[in-house]
Amino acid sequence: MCGIIGFSGPQDQTKLTQGLDLIEHRGRDERIALHVDSFNLGMNRLSIQDLTKGYYPFKFKSKYLIFNGEIYNYPQLKKQLVRQGVNLKTNCDAEVILPLYEQCGTKAFNMIEGMFAIAILDTKNNQLVLARDRAGQKPLYYFFENNQFYFSSEIKVLLKYARSKKVNHDALPTHLKYGQIPSAQTLVSKIKKVLPAHYLVYNSENKTIETKKYWQVKIKKDVKSAGLVQKLDDLLRAAVEKRLLSDCPVGGFLSGGVDSSLITHYAACKIKNFKTFSISFPNAGYKNESSFAQLATNHLGTNHTEITCTADKVKPLIEDIAQRADTPIADPAILPTLLLAKEARKSVKVVLTGEGADELFGGYHRYQKYILHEQLKFLFRKNIVKKISSKLPLIKKVSQAHDWKTYSPLNLFNEKEIDYILINKHNPPALLDVDYNLSTTNPLLFMQLADFKSYLPEQLLMKVDKLTMAENLEARAPFLDSQVIQFALNLPQKQKIRFFQSKFLLRKVASQYLPPTISWRVKHGFSVPLGSWFRNELQDHVYNSLDILKTYKTIFNIDYLEKLIEVHMSGQKNYRDKIWGVVMLGRWLNYHQLEI
Numbered sequence: 033m034c035g036i037i038g039f040s041g042p043q044d045q046t047k048l049t050q051g052l053d054l055i056e057h058r059g060r061d062e063r064i065a066l067h068v069d070s071f072n073l074g075m076n077r078l079s080i081q082d083l084t085k086g087y088y089p090f091k092f093k094s095k096y097l098i099f100n101g102e103i104y105n106y107p108q109l110k111k112q113l114v115r116q117g118v119n120l121k122t123n124c125d126a127e128v129i130l131p132l133y134e135q136c137g138t139k140a141f142n143m144i145e146g147m148f149a150i151a152i153l154d155t156k157n158n159q160l161v162l163a164r165d166r167a168g169q170k171p172l173y174y175f176f177e178n179n180q181f182y183f184s185s186e187i188k189v190l191l192k193y194a195r196s197k198k199v200n201h202d203a204l205p206t207h208l209k210y211g212q213i214p215s216a217q218t219l220v221s222k223i224k225k226v227l228p229a230h231y232l233v234y235n236s237e238n239k240t241i242e243t244k245k246y247w248q249v250k251i252k253k254d255v256k257s258a259g260l261v262q263k264l265d266d267l268l269r270a271a272v273e274k275r276l277l278s279d280c281p282v283g284g285f286l287s288g289g290v291d292s293s294l295i296t297h298y299a300a301c302k303i304k305n306f307k308t309f310s311i312s313f314p315n316a317g318y319k320n321e322s323s324f325a326q327l328a329t330n331h332l333g334t335n336h337t338e339i340t341c342t343a344d345k346v347k348p349l350i351e352d353i354a355q356r357a358d359t360p361i362a363d364p365a366i367l368p369t370l371l372l373a374k375e376a377r378k379s380v381k382v383v384l385t386g387e388g389a390d391e392l393f394g395g396y397h398r399y400q401k402y403i404l405h406e407q408l409k410f411l412f413r414k415n416i417v418k419k420i421s422s423k424l425p426l427i428k429k430v431s432q433a434h435d436w437k438t439y440s441p442l443n444l445f446n447e448k449e450i451d452y453i454l455i456n457k458h459n460p461p462a463l464l465d466v467d468y469n470l471s472t473t474n475p476l477l478f479m480q481l482a483d484f485k486s487y488l489p490e491q492l493l494m495k496v497d498k499l500t501m502a503e504n505l506e507a508r509a510p511f512l513d514s515q516v517i518q519f520a521l522n523l524p525q526k527q528k529i530r531f532f533q534s535k536f537l538l539r540k541v542a543s544q545y546l547p548p549t550i551s552w553r554v555k556h557g558f559s560v561p562l563g564s565w566f567r568n569e570l571q572d573h574v575y576n577s578l579d580i581l582k583t584y585k586t587i588f589n590i591d592y593l594e595k596l597i598e599v600h601m602s603g604q605k606n607y608r609d610k611i612w613g614v615v616m617l618g619r620w621l622n623y624h625q626l627e628i
């Protein structure tokens, strides 16, 4: 795991050093800086596989590589290349990338199983090639200004380099709606991101930029239902075992839910005294999952550490959260995630996480809600519920037609609220990049793909990447193995949601190894009691953030935001997520001193 940066032009060691200093937290084991063929390349390395120094940048013929991530199938790829006569000198997973690229070009990215942000400098063809992994676990940003091309693992480096740092007004409505931006745009006008499963080619001779998709989920019409439990069991076991490959200690985040508990089961079968970490919220009622985490660790026999998350512990984190999070992530769970990362890094260098399970196997309550919509609409059309709908208006309301284009995984603010918040006329929020024909033929798959392409990479995975890397810790997500992704999204609906039970097949697998209180436990998100904290211990942080936003009063309707906060403070409504979105956005804009 590492941080990478680069820019075209004459050698500039000072500029390169400044950029690497900003992302030193992503890798403190080794620093690489060089100038090759009118390009400056830099990398901070967090060494996980083959700890020997001096390998980077890898060079193969006319090509150079800097890299962030892990290649889990590198042993198989290495054997294949060696049989073909390629001389590989290390046990570093990244060494296989350049020979594969030499043989297959950009098709090589589809041969790699892992999480990655890749930068390949091809001096022979005057090209820089950037690529991001299928699910978007590793970030990669870029911009072009004054005939120079820049890229980095984190946006803060590019903001350091950019001459103009203007707010992207076109992206603001989308960010306010979804809490993230599910496209190549960012909240900075000139800066863009390489999308998941995409690569970019920058031609340094004619200054052109081309982006293309190299992978997408293949949706099959007919899936055999026999042997699904065993098949998924085998796929998950293999995915975990691949992600245990490391020359450093590996642990795991364990909440006590079915996802993290199942991953921990497979890991604990391979690693004796496997270390796990969980968060507890004292005096937070139903938001405190510590008893379930304790049940899981007792059953699985892990070496467990519980970290308490209180308002007092969160206070200092909020002060510099804009710097650590790198982008304005509208998910309050970034705070306990940072506490987890801090504690875990004391004893391990790698952690396994459960990200992706809800999107792939149908875990969210909103999926069940929309499926209920469809079922009631069907019954209503068949006149089955019409007779009682007058006595039960809710049935009629739920059964009414639903515009699937309005589906949003978060809906931080609705479009009417956005109109109130933003002063100037603006474009409507962007639609999610999904085939809307699926909304009528397979609404569950439609929602899953919408989340997989937006909410997962741009909010959940960025939260995990930025906050774990802030503590020099690598996080790996076995559920995001490409074979697991392909298998899960093609499952029949009844294998995902059945009798209002989410993640049905996944729970069937888990029930072989975990007690029913875990395997069939009702989903409970990573819920932070910020609502009450904002009314009490963290009230000053809310109003300070509002004061910061007043700097941007030509963009935001401060009166409306003040009213929203006052309604929350009075206890009439719980606007926890909305207020956190405002707090995060204000502090991020202020930290980077973005221009209006």
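Numbered according to our numbering, the sequence shown spans residues 33 to 628.
The beta carbon of each residue, even a glycine, is placed where N, CA and C say it ideally should be.
All figures in this text were calculated on a predicted structure; none of them were measured in a lab.
Determine the closest residue to residue i out of the options, with distance taken between C-alpha atoms.
i      : options                           : result
Thr206 : Ala389, Pro460 and Ser559         : Pro460
Gln180 : Val516, Phe71 and His336          : Phe71
Asp165 : His331, Thr549 and Ser514         : Ser514
Gly51  : Ser221, Ser185 and Lys222         : Ser185
Phe92  : Cys124, Val560, Lys595 and Leu132 : Leu132
Asp254 : Phe519, Ile590 and Glu102         : Phe519
Ala325 : Ser577, Gly288 and Thr549         : Gly288
Lys244 : Ser322, Ser312 and Ala163         : Ala163
Arg377 : Gly283, Gly117, Gly146 and Leu546 : Gly283
Pro548 : Asp465, Tyr575 and Ala328         : Ala328
Glu449 : Glu237, Phe588 and Leu227         : Phe588
Phe536 : Leu349, Leu593, Asp291 and Gln625 : Asp291
Ser602 : Met143, Lys457 and Gly563         : Gly563
Trp565 : Ile529, Ser79, Val516 and Asn315  : Asn315
Under a three-way DSSP split, which group does residue i fall into?
i      : result
Cys34  : strand
Lys111 : helix
Tyr592 : helix
Leu537 : helix
Ala507 : strand
Tyr133 : helix
Val118 : coil
Thr240 : strand
Ser602 : coil
Ser551 : helix
Asn568 : coil
Phe531 : coil
Phe92  : strand
Pro314 : coil
Leu66  : strand
Gly618 : helix
Ile517 : helix
Phe141 : helix
Thr308 : strand
Leu404 : helix
Ile611 : helix
Asn597 : According to the sequence as given, residue 597 is Ile; it is not Asn. Ile597: helix per DSSP, three-state reduction.
Return the first residue and the last residue of the beta strand (DSSP E) that residue i is part of.
i      : result
Asn72  : Phe71 to Arg77
Val282 : Val282 to Phe285
Leu232 : His230 to Asn235
The alpha helix (DSSP H) with residue i in it runs from where to where?
i      : result
Cys52  : Here residue 52 is Leu; the residue named in the question, Cys, does not match the sequence. From DSSP, the alpha helix (DSSP H) with Leu52 extends over Gln45 to Leu54.
Tyr575 : Gln571 to Leu581
His297 : Val290 to Lys302
Pro274 : Note on residue identity: the sequence assigns Lys, not Pro, to residue 274. Leu260 to Arg275 is the span of the alpha helix (DSSP H), which, as asked, contains Lys274.
Short of 7 angstroms in beta carbon distance, which residues of its chain neighbour residue i, apart from the five on each side in sequence? Order them along the chain.
i      : result
Thr369 : Lys495, Val496 and Leu499
Gly613 : Gly211, Ala362 and Leu444
Lys610 : Leu444, Phe445 and Leu596
Ala509 : Gln169, Thr385, Glu387 and Gly388
Ser577 : Val614, Val615, Gly618 and Arg619
Which residues in the same chain as residue i place their Cβ atom closer than 6 angstroms to its Cβ, once the five residues preceding and following it in sequence are excluded?
i      : result
Gln432 : Note on Gln432: pLDDT 48, under 50, position unreliable in the model; no value is reported.
Leu492 : Glu387
Leu48  : Ala65, Asn72 and Gly74
Asn622 : Ile580
Gln45  : none
Lys540 : Val261
Val346 : Leu367
Pro42  : none
Ala140 : Leu132 and Tyr133
Cβ of residue i within 8 angstroms of any heavy atom in the ligand FAD?
i      : result
Asp591 : Among the ligands in the structure shown, none appear at all, so the ligand FAD cannot be discussed.
| request: Return the chain-ordered ranges of every alpha helix (DSSP H) run that is complete within the region 143-228 and spans a minimum of 4 residues. | output: 187-193 and 204-210
| request: Could you pull out every unbroken alpha helix (DSSP H) segment of at least 4 residues lying fully inside the region 446-497, listed in chain order? | output: 447-453, 470-473 and 475-482
| request: Just list the beta strand (DSSP E) runs in the region 317-392, keeping only unbroken ones of 3 residues or longer that don't cross its boundaries, in chain order. | output: 335-340 and 382-384
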